[in-house]
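>
Residue numbers (my numbering): 704 to 766.
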């Protein structure tokens, strides 16, 4: 089973973009400071994890 290396990467990229747009939406709709800080921290951590997975996947494709 050989998959195109572009497809999973595309999926991850779309996922990251969706998360990013959800973050912007949440910030615009809910502008409560305490909730916003907790939400931002969890979102930043999620984005970092998604980015790490993307980097690892790219390294697997290259090597």
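Cβ atoms here follow ideal geometry from the backbone N, Cα and C, with glycine treated the same way.
(1) Checking 8 Å against the spacing of the C-beta atoms, do residue 739 and residue 730 come in under that value?
(2) Comparing alpha-carbon positions, which option in 756, 763, 751 lies nearest residue 723?
(3) Can you tell me whether DSSP reads residue 733 as helix, strand or coil?
In short:
(1) In this structure, residue 739 sits near residue 730, with a CB-CB distance shorter than 8 Å.
(2) Among 756, 763, 751, the Cα nearest to that of residue 723 is on 751.
(3) Here residue 733 carries a coil assignment [DSSP, helix/strand/coil].
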